[in-house]
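As given, the protein sequences belong to chains A and B, one line each in that order.
Counting in our numbering, the first sequence runs from 1 upward without gaps.
Counting in our numbering, the second sequence runs from 399 upward without gaps.
Even for Gly, the Cβ is constructed at its ideal location relative to N, Cα and C.
Predicted, not measured: the structure shown is a model, and the values here were computed from it.
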Amino acid sequence: MSKPQNAPGDVRSKGLVDYLNDENVRAVLYQIIAIGLIVLAGWYLVSNTLYNLEQQNISTGYGFLDLEASFEISETMIDYSAQSSYATALMVGLLNTVKVSLLGIILCTIIGTIFGVARLSSNWIVRKLATVYVETFRNIPVLLQLFFWYALIPGAFPHPRDALEPIPGVLLTSRGMYMPVPEPDNAYTLMAIAAVIACVAIYFIKKWAKKRQDATGQPFPMFLAGLGIFVGLVLLAYLAGGAPTDMSMPALKGFNIQGGYNISPEFMAVLIGLTVYTSTYVAEVVRSGIQAVPNGQWEAADSLGIRRSVALRKVILPQSMRVAIPPLTNQYLNLTKNSSLAVAVGYPDLVSVSNTTMNQTGQAIEAISIFMSIYLGLSLLTSLFMNWFNKKMALVER
Amino acid sequence: MKIQTILAAGAMTVAAVAAQNAQAGAVLDGIKDKGFVQCGVNTGLPGFSAANAEGKWEGIDVDVCRAAAAALLGDANAVQYTPLTAAQRFTALQSGEIDVLSRNTTATTTRDAKLGLTFVGINYYDGQGFLIPKALGVSSATELDGATVCVEPGTTTELNLADYFRAKGMSFEPVVIENINEATAAFFSGRCDVYTTDASGLASIRTQMAENPDDYVILPEIISKEPLGPVVAQGDEQWSDVVRWAFTAMVEAEEYGVTMENVDDMKANSTNPGIQRLLGVTPGMGEALGLDEAWAYNIIKQVGNYGESYEKNVTAKLGLERGLNALWTDGGLQYAWPVR
């Protein structure tokens, strides 16, 4: 529509027909009609649904969110009891989804990278083992893998009464893994603050080091310095906080093991299942990313006398990242969405809690609309972050 | 061309949605058109609804659907079954995917009033209990503080469980698994100390699914009232009447002593006016319901009376006595509204 509608010098007044025959006007008109039809269809569906629900005497609206949920949830990261509202229950589910997705994304990236590199190894056994891993877990539906892990974990370990204790304090049972955690203390808050300060400091030192290297060519041992600052500051905070040593130890009490931190079989099954499944795709992405970098880059680095390990880190991986990030984003989105299968093995994720809510209140459309918009939001956030990261990693033309 | 396509699509949408509008008699007419009743049942709860070795659905809940089909279509086998989990059941009914839900479903205020449903009768009076391995040495539900409990989500059971522990000041850890087979597998693998559901369901799980039923006990406490019965969607009163009276006829038949065996004899020879009305010898009841006069005869002939259905499914398979489900004349709660 950058074209002017009236060519300069054209003094003829336009009639309606001329006007409608104008290419630009038509383009706008068609778009308005298209949007109008979509809005109309949407409005029709919504109003019809509401009408039908009313006809069937089914209650509608989001008022139920404030009502008491009356059911318990096994794993919660925030305060929750049966007296809490449905809104709180859904928040618990959302946090559980985020927890398993985030951990899954981190773990699948690490494991996937290892197997992706291993598939290109010059060692025959390593290469073949990686291939078998990738081909096996990539080709079994993820839901079946979740069932498999969930059948395996409670079945493989004993009842809490005869818990296995491979490392003192760590208990393995059919109810999951228990490990000791420090009793809450102010020192830990201090340590968290120290960690944040350390990260900020490292960021600025890194900036300074890069500037100096650009100017003088002198490299700075950033990794060691960073590690030193981080560990040093956190340790200092720990000592300053009075160096608490009280631990909450898991121990059998009544039916169950009490105390310590419990990783439930449901959570383990979901995390392992999603991680293993997605890591096979990540491995393929990493492998293709590395293979996409022309061999000439290796040779160029060699001819400059750069060591192989440095060349991999500074020459090859940055270039392969550019190829790998967009398909990696897809895998992260898939993992987040696949986490909704957790409902099948009883992990209280967003879908599981929404299902229960839907059933106790009977408000299926509302509950589904809530979890669909949350998944959409989560996916869009992941996409946004990965797009930003992609831009950061993209080739900067000088 | 494009606009025509859009218009056609729009018209089809209108027609499709309009067809789903709740109209009096819509469900009933739909059943007559397709020639069978679409019945929502449990995915597998022996005694109530479960597929047998030949893949035929059996159980006291299944018999309600069969009775409705016999009454409306004259053929108890004109039923198709949709196995549903607890969490799926109401949506399936509300959306019209099934005509009747007969899936050990507890009647409650919320479900009756807010979900747009109508409970048409109670075919099993139940209560919630706890199933627990003998090895744990627990003899009462009051000793369950701190236990891990397996429960199906979206059930009244799940809510009663939270209420009970809250009232007693005890804590528990729920393990919530939607599919009953996965849930019981988790229980038998030791993931939970306790499995909770209606006492009849516990009996079913213990006798039919446990490797060795004697290793498990049902605790004596019954912590809730669970009136279980068939449900239909609101909006087609004629259809809900058919299901209600089909079930009632089964109980009424037992009260009169009419059985699958003697129903022909009764029809030919009985002089009892009540039986004559029930079996259509004296016409009127069928017409009142918009059914064939032989509606109740068909039910009793093909499905049996309530006592026969109970005996065949619940007593034989689960070893449960009639208890609350005996006829009122025998001290139970089953009491048929008079068919007249």
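Check residue 330 (chain A) in the structure and name its three-state DSSP category. In the structure shown, residue 330 (chain A) sits in a helix (DSSP, three-state: H, G or I).
Identify every run of the alpha helix (DSSP H) within the stretch 470 to 504 of chain B, keeping only runs that are complete inside it and at least 4 residues long; order them along the chain. Those alpha helix (DSSP H) runs which fall completely within the stretch 470 to 504 of chain B and span 4+ residues are 487 to 492.
Please classify residue 595 (chain B): does DSSP put it in a helix, a strand, or coil? The answer is strand: DSSP assigns residue 595 (chain B) an E or B state.
Proximal residues to residue 285 (chain A) (C-beta, below 6 angstroms), its chain only, five neighbours per side dropped: Excluding positions up to five away in sequence, the list reads 324, 327 and 328.
Between the stretch 682 to 695 of chain B and the stretch 643 to 651 of chain B, are three or more C-beta pairs nearer than 8 angstroms? The stretch 682 to 695 of chain B is in contact with the stretch 643 to 651 of chain B.
Taking C-beta pairs closer than 7 angstroms, name the residues in chain A that residue 434 (chain B) reaches, listed in chain order. Against chain A, the beta carbon of residue 434 (chain B) has no neighbour under 7 angstroms; the closest one sits roughly 23 angstroms away.
At least 3 beta-carbon pairs within less than 8 angstroms: the stretch 570 to 584 of chain B vs the stretch 534 to 554 of chain B: The way I'd put it, the stretch 570 to 584 of chain B does touch the stretch 534 to 554 of chain B; three or more beta-carbon pairs between them come closer than 8 angstroms.
Whose C-beta lies closer than 6 angstroms to the C-beta of residue 499 (chain B) among residues of the same chain, with five residues either side of it excluded? The residues are 438, 487, 491 and 629.
Cβ of residue 540 (chain B) less than 8 angstroms from any chain A Cβ? Taking a beta-carbon distance threshold of 8 angstroms, residue 540 (chain B) does not count as an interface residue toward chain A.
Helix, strand or coil: how does DSSP classify residue 524 (chain B) here? It is a strand residue.
Beta-carbon of residue 438 (chain B) versus every beta-carbon of chain A: anything under 8 angstroms? Look at residue 438 (chain B): its C-beta is not under 8 angstroms from any C-beta on chain A.
Go ahead and label residue 173 (chain A) buried or exposed: buried means 16 or more other beta carbons lie within 10 angstroms of its beta carbon, across all protein chains shown. Around the CB of residue 173 (chain A), 16 or more other CB atoms lie within 10 Å, so the residue is classed as buried.
Rounded to whole angstroms, what's the CA-CA distance from residue 179 (chain A) to residue 249 (chain A)? Just pull it up for me. One C-alpha to the other measures close to 7 angstroms.
Nearest to residue 50 (chain A) by alpha carbon, out of A:40, A:41 and A:61? Considering only alpha carbons, the answer is A:61.
Alpha carbon to alpha carbon, how far is residue 211 (chain A) from residue 268 (chain A)? The alpha-carbon separation between residue 211 (chain A) and residue 268 (chain A) amounts to approximately 45 angstroms.
Under 8 angstroms from the C-beta of residue 526 (chain B): neighbouring residues of chain A: Contact note: residue 526 (chain B) does not reach chain A at a C-beta cutoff of 8 angstroms; the least C-beta distance is about 14 angstroms.
What residue ranges within the stretch 525 to 576 of chain B form continuous alpha helix (DSSP H) runs of no fewer than 4 residues, ordered along the chain? Within the stretch 525 to 576 of chain B, the complete alpha helix (DSSP H) runs of at least 4 residues are 554 to 565.
Is there a Cβ from chain A that is less than 8 angstroms from the Cβ of residue 681 (chain B)? No, no contact with chain A.
Compare the C-beta of residue 280 (chain A) against all C-beta atoms of chain B and say whether one is closer than 8 angstroms. Chain B, which has no Cβ nearer than 8 angstroms to the Cβ of residue 280 (chain A), makes this no.
What number of angstroms, rounded off, separates the C-alpha of residue 275 (chain A) from the C-alpha of residue 59 (chain A)? Using only the alpha carbons, I get a separation of about 40 angstroms.
Applying the criterion that 16 or more other CB atoms from any shown protein chain within 10 Å of the CB defines a buried residue, is residue 507 (chain B) buried or exposed? Residue 507 (chain B) comes out exposed.
What residues in the stretch 565 to 583 of chain B bring their beta carbon closer than 8 angstroms to a beta carbon of chain A? Look at the stretch 565 to 583 of chain B: the residues with a C-beta under 8 angstroms from a C-beta of chain A are 570, 571, 572, 573, 574, 575, 576, 577, 580, 581 and 583.
Residues in the stretch 374 to 388 of chain A with C-beta within 9 angstroms of chain B's C-beta atoms, listed in sequence order? Of all residues in the stretch 374 to 388 of chain A, none has a C-beta nearer than 9 angstroms to a C-beta of chain B.
DSSP state of residue 616 (chain B) mapped onto helix, strand, coil: Residue state, collapsed to three classes: strand.
Which chain B residues are close to residue 71 (chain A), counting only those with a beta carbon under 7 angstroms from its beta carbon? Against chain B, the beta carbon of residue 71 (chain A) has neighbours under 7 angstroms at 556, 557 and 560, listed in chain order.
Using a Cβ cut-off of 7 angstroms, pull out every chain B residue sitting near residue 31 (chain A), in sequence order please. Residues of chain B passing the Cβ test: none, with the nearest at roughly 14 angstroms.
Taking C-beta to C-beta, are residue 447 (chain B) and residue 522 (chain B) nearer than 8 angstroms? The answer is no: Cβ separation not under 8 angstroms.
So residue 58 (chain A) contacts chain B; which residues on that side make the cut at Cβ distance below 8 angstroms? When 8 angstroms is used as the limit between beta carbons, residue 58 (chain A) is near these residues of chain B: 492, 512, 513 and 514, in chain order.
Residue range of the unbroken beta strand (DSSP E) whose run includes residue 102 (chain A): For residue 102 (chain A), no beta strand (DSSP E) encloses it; the enclosing alpha helix (DSSP H) starts and ends at 86 to 118.
With 8 angstroms set as the bound, which would you pick, yes or no: does the beta-carbon of residue 717 (chain B) sit closer than that to a beta-carbon of chain A? So no, residue 717 (chain B) is outside the interface.
Is DSSP giving residue 377 (chain B) helix, strand or coil here? With chain B covering 399 to 738 only, the question about residue 377 (chain B) has no answer from this structure.
Please classify residue 18 (chain A) as buried or exposed, where buried requires at least 16 other C-beta atoms within 10 Å of its C-beta. Per the 10 Å Cβ criterion, exposed.
Our contact map puts residue 509 (chain B) next to residue 459 (chain B) with C-beta atoms below 8 angstroms; I'd like the distance itself, whole angstroms only. That pair is no contact at about 16 angstroms.
Could you please tell me which residues of the stretch 586 to 614 of chain B, in chain order, have their CB closer than 7 angstroms to any CB of chain A? Going along the stretch 586 to 614 of chain B in chain order, one finds 587, 588, 589 and 591 with a Cβ nearer than 7 angstroms to chain A.
C-beta neighbour in chain A for residue 488 (chain B), strict 8 angstroms: Yes, residue 488 (chain B) lies at the interface with chain A (some Cβ there is under 8 angstroms from its Cβ).
Classify residue 724 (chain B) as helix, strand or coil using the three-state DSSP reduction. Here residue 724 (chain B) carries a coil assignment [DSSP, helix/strand/coil].
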